[in-house]
């Protein structure tokens, strides 16, 4: 499928026709979710499909983690997201011919996703093998306001006829999944994970209750229907262990339409009884039916209107990038909106990739974006981490450490990494969480959160760092044998990113304990302990290669052999599928920004000259085999004045899924890269840094963009920033005055008094060099007219 | 079972009584093998058993190696030694009561293994639950002269009676094995690995032929019998898929004896046909029967007489150590005598531990001993490595390297390590093999071997090193991201042992190529390549910590946090079962001699002062959780003048299995530690070093020993070295004159002219300190009379 598989529209994504070979990718791109329920964009009729997917946040199955050679502390059991009961299915029979796009003649097929109302629309015109033609249209939503609910408005219209129409609206558990995946990044496929507990029908309503075999989670799925059509339709309901079905039959004459509105509801619990979970689902169905289809659509539109008011990033000069960044914001919203004390997985709820696990991606990439537009979602995500503290404390004990050790990858909170050098050893996850909590508190002034949750997260992670590191004979605080962000290195000493993040973590914990002495004392923190944190932070060792004038990513890195890029053919990327870890780890080759990310999150620890030299050094080594790299490279490229390079990287991050740059969008969207595209714009071209008390900006645009504007919610003030090549305008759209930094100068934005300041363009240094063949694609902006509005109708082409 | 489970005798090991709980350990200690066939000392009647075991060198089954998270180049399939058809079984029925030591009354039970005739003898007197008393005696051997053959002389004598006696002599395939092992060091148990292909009986002969399911190896086992007894016995033969049985029935009056001589033969092949393998076994049986029991015993005795003439190590002053070192030599002989182009496994053929794999142990510990007493076995072992070169070259290609990469653990030659940081990353195996080949050539002057096999092993490993390492900007040759001998560190840069061994390897390859230019040219070696090897060797980087004045085991090691020994309770050893690798790897804690081993094998690279400081430094960190440590620590302790400490370590290495110091003798004997005990004596107290052209000695005895003498075969000369506290005497017992070094002085020993030289006792420095609780047991010599002769009768007690 080409890069132009989807139509370009500033407020939506459209698809013309249907490419069966690339169906799974479109199922991810068009996936709907509210962070609680996730529906892949499988066709209404179920088949053909790329990868059927219906997910509930937190519903997983356990599976054994096998080891050829085991070791102490290795997790014995993994967690895998499962495909739960599929409620999306509405099968259509046209004179007994199943509506199946693989047979007959597909005269028209279009789908579109609109970011302003969150509806996935579909239009199809199809002639059956027997020669009957029907038009099918459907709209689908996963409610952002009623978190247990999804709904479909399905209509079939006879073009010729009369035709006998049967609609079978179904709930299907234990769907057969396509298998045979050999890429280790893809999820293991779990077959038939659901055991039936109950099934029932009543009128046009059906409910199925199942339980997972090993993880013991009870899952209920229900559906209720409204049918509109010509007089004389008939509805029959049936259910069995793994299936609920409502069949509606009628005869349509040409031009007549049968409409089925399907409300779906899901509920699950690890503890509640079967009746409780079933009733919860039936209540949600009742509420949805009461709200009605139009009501659900209105709520969705209102919710998104408010979201875009605080969150929209506008770009003039590149409509494709404009589309991509709204696509990104929309999916980040979908992933986080209603996750509510559950994790935000690396793929959201758009696919089974990475087993449905959450990683540091959430705290390091997704939450920094949500903090300034949907802070409530950040609070929920961090509260989820807080609920896992008992598990994290147990893990610390198992590893011989103090405080809490959060898992590298998990669904519920247990460590699920089966390869410790690239998993459990990546201790920076603890600081990523702590720093996200501190950022949330700075951005919201949510003191209650800090007292109840944030402080404890900071304290327990600070304790972990204090016990993980040690002072050497020269008094330097060293952290050894850990893995930084770059997955082509592992188990190294004094990873600069890790040490700087630990330093931030230790300091933030001491500061928070100072602000909340009673609460800190209740956690056992005394002044000796905070002093020990401050001391370790002050003595933190940051290696530096004096000869080269650059920071080694970790001790010894710059002494290592350089990767032989010249003899690495293009088809050998990603390298991890073609070279052993042993070879990658021992050479200078970087999968994803590591030292460069350190320069973003701790810019204060580097001089401008060091930043420029470091960036140039690591550009030559970074192959971006991870989707978590381009956005960070964009940010630092912009800071060191490489604005066109920053633009290229921004586009790459933004197009990761729309252009399937990683070749694995089929398994789900790359949430962190999508969030990273927003970071690239705001922190790159906006120059936003937020690791001190005030937001700080250093705006500068690449030649390809004419205007960039974005909003940020900061302590209930809504700051709007508009950047052109000449000026930057700070406007307060809501709330009280705000102090911020612009080009290093402190200034105060007051309501009703926008500040318009000149942009200081940096000198343009020579463009940095990447490994041969790994240069980002040069971005050629698409300044053309914004084709179509994306709302209510499909984009023209 | 106490440390004194076995009787002390200078020429044998005896056991009085039977400790059922420790049966598996005794089965290992009394195991018989010739390197081709291995029989654990299971009781003749099969049950009770600790762990039944009958092994054929090279007969294994494949099993999948699972990974929770896979990676490029991970081996997909492992190899596990299997328990083949058991031919040891002779069941006895006394008036229909099975002879089972768990029932009735065991009046007497003794076993003994004599190192001079290689026979395992057993005497039992037993009263059945019904009150009948019989005496059972048996002798068992695995022939060192007829490698396919083992034999048992079994006698039962009626004490009261008359009694009806039935003997069932059996071949049993797919014996049920005890399971439930959770220690990752123990072998995975493979159930019923043999598929029946044929079975037949004829007279008192039976043959079973099987094939392994996945590895496709054909295994034939046969037995033939001689029966002697009072008139009127009856013999019946039967066979089925997994069983062959000869039943002999008679009635014995008091004092009468029934004798059954059982000849067993084994054959296996990956390629030959069923008739071919079966005929091979029948031919071996015919030859054995022709030789007869007495003939086999005579051959065995003659073979061992010659072995001890060249190999015996004599100790005055500690009879227990004398026993242990002969036990060690005997089992090293059994492991290597007839392995003949097969590997010598870490456990020999005494148990299923480590899956029956061979490691670097063989080349680094076992071959150095065999080189000077049974050089033909060394040639065979290295020829086996040579046969695996095609596999090792393929592995190098897979890993992106030149030359050959030998497997860390294997049976047939494929890499079977399922955890690469402690497996495939231990590249020093290549140098261990190369150095063993060079030593063999120096000790034997076997030029034909060097041309045909040794040169290619040296060349292909040198090529590997040249491609694995690289020159840094300062011109130093660095080898990064590899694992040295110490398994509590992994994947480090510039491991001193590895770099020094690589240096030796590169130089030896260049020298051998210079000696055999035509043969080297045929391997594609030109003068540019040998120059590149010499250059890399000359530029080899050896890290040194100037501040501490010690060598770090690898880059950065001495900066790491020290292990918290004070808070490590005794029950937490071995540490690998109680702490995660991540924690072990990142701290200063050493499982087994690594830098200290470097000082043994490359003493020329260290000054005497460095040796003393290094030894003291690493003594504080070394916990000896590996059996491959005490012997090396003994050697360097002796070199730096810590003679009593060396004595303690020597005893520990020597008692590893007799005292079950690792708690896992049940899974098989620790061949490398047994060989290491001999090394501790000869290289420690004898001060032997052999990495230059001439053997070099610096003899000195600890206070506990009065005399140490040993022999060494060097280029067909037999050198005898006798050390007392006052003098060392070098005598040439065979062959022409020999140049050697004594205390740094070159001297020549001529036939008929023993050289008697004074011993230079070093100063006695302060005793080094070990981690608390990990000190070696202080050795209290047992100078007592050598109780019993061990031959033909059991040691008195």
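Chains as they are written, first to last, in my numbering: chain A, 579 to 1375; chain B, 579 to 1375. Glycine included, each C-beta is placed from N, C-alpha and C at the ideal position. A quick note: this is a predicted structure, and the numbers were derived from the prediction, not measured.
Distance from the CA of residue 983 of chain A to the CA of residue 962 of chain A, rounded to the nearest whole angstrom, comes to 15 Å.
In this structure, residue 969 of chain A keeps its C-beta atom at 8 Å or more from the C-beta atom of residue 934 of chain A.
In terms of Cα proximity to residue 1063 of chain A, the closest of A/871, A/710, A/1167 is A/1167. With fewer than 16 neighbouring CB atoms inside 10 Å of its own CB, residue 1142 of chain B falls in the exposed class. With respect to chain B, the C-beta atom of residue 1066 of chain A has no partner C-beta closer than 8 Å. Within the stretch 585–618 of chain A, the complete beta strand (DSSP E) segments of 3 residues or longer fall at 585–587, 590–594, 615–617, listed in chain order. Closest option to residue 865 of chain A, judged by alpha-carbon separation, among A/802, A/818, A/920, A/820: A/802. When secondary structure is reduced to three states using DSSP, residue 645 of chain B falls in the strand class.
At a beta-carbon threshold of 8 Å, none of the residues of chain B lie near residue 908 of chain A; the nearest stands roughly 32 Å away. DSSP, read as helix, strand or coil, puts residue 1360 of chain B in coil.
Taking a cut-off of 8 Å for Cβ pairs, the stretch 1233–1243 of chain A and the stretch 1261–1276 of chain A do not touch, as fewer than three such pairs fall below it.
Taking 8 Å as the CB threshold, residue 1156 of chain A lines the interface with chain B. Identification of chain A residues near residue 998 of chain B by a Cβ-Cβ cut-off of 8 Å yields 1158, 1159, 1160, ordered along the chain. When the five nearest sequence neighbours on each side are left out, the beta carbons in the same chain lying within less than 6 Å of the beta carbon of residue 1231 of chain A are those of 1208, 1209, 1251, 1254, 1255, 1258, in order along the chain.
Counted as a single uninterrupted DSSP element, the beta strand (DSSP E) harbouring residue 742 of chain A occupies residues 741–750.
If you look at residue 1348 of chain B, you'll find it isn't in any beta strand (DSSP E); DSSP assigns it neither H nor E. Among the residues facing chain B, residue 698 of chain A is not included, as its CB has no counterpart in that chain under 8 Å away. Looking only at B/838, B/698, B/695, the smallest Cα-Cα distance to residue 748 of chain B is reached by B/838. Within chain A, not a single residue places a beta-carbon under 8 Å from that of residue 1196 of chain B; the smallest gap is close to 18 Å. Rounded to the nearest angstrom, the Cβ distance from residue 1091 of chain B to residue 1074 of chain B is 26 Å, too far for a contact under 8 Å.
Using a CB distance cut-off of 8 Å, residue 955 of chain A does not count as an interface residue toward chain B. Around the beta carbon of residue 1186 of chain A, fewer than 16 other beta carbons sit within 10 angstroms, so the residue counts as exposed. Beta-carbon to beta-carbon, residue 1204 of chain B and residue 1170 of chain B are separated by about 4 Å, close enough to satisfy the 8 Å threshold. For residue 722 of chain B, no CB of chain A lies under 8 Å from its own CB, so it is not counted at the interface with that chain. Straight-line spacing of the CA atoms in residue 1283 of chain A and residue 1134 of chain B works out to 48 Å. Minimum Cα-Cα distance from residue 1355 of chain A among the listed residues A/939, A/1314, A/1233, A/1285 corresponds to A/1233.
Counting C-beta pairs with one atom in each stretch, the stretch 1338–1346 of chain A and the stretch 1219–1231 of chain A have three or more that are closer than 8 Å, which means they touch. Within the same chain, 623, 746 come within 6 Å of residue 669 of chain B by CB-CB distance, once the 5 residues on both sides are set aside.
Neighbours of residue 1048 of chain B in chain A, taken as residues whose beta carbon is under 8 Å from its own, are 1139 in chain order. Within the stretch 1058–1085 of chain B, 1058, 1059, 1069, 1071 place their CB atoms closer than 7 Å to a CB of chain A, listed in sequence order. Within chain A, the residues placing a beta-carbon under 7 Å from that of residue 1164 of chain B are 1058, 1059, ordered along the chain. Residue 1133 of chain B belongs to the set of residues whose beta carbon lies under 8 Å from a beta carbon in chain A.
Residue-level contact check: residue 643 of chain B touches chain A, since one or more beta carbons of chain A fall below 8 Å from its beta carbon. Counting only residues of its own chain and dropping the five nearest sequence neighbours on each side, residue 810 of chain B has a CB closer than 8 Å to the CB of 828, 829. Residue 1195 of chain B has its alpha-carbon roughly 20 Å from the corresponding atom of residue 1340 of chain B. About 6 Å separates the beta carbon of residue 888 of chain A from that of residue 1289 of chain A, a gap short enough to meet the 8 Å contact definition.
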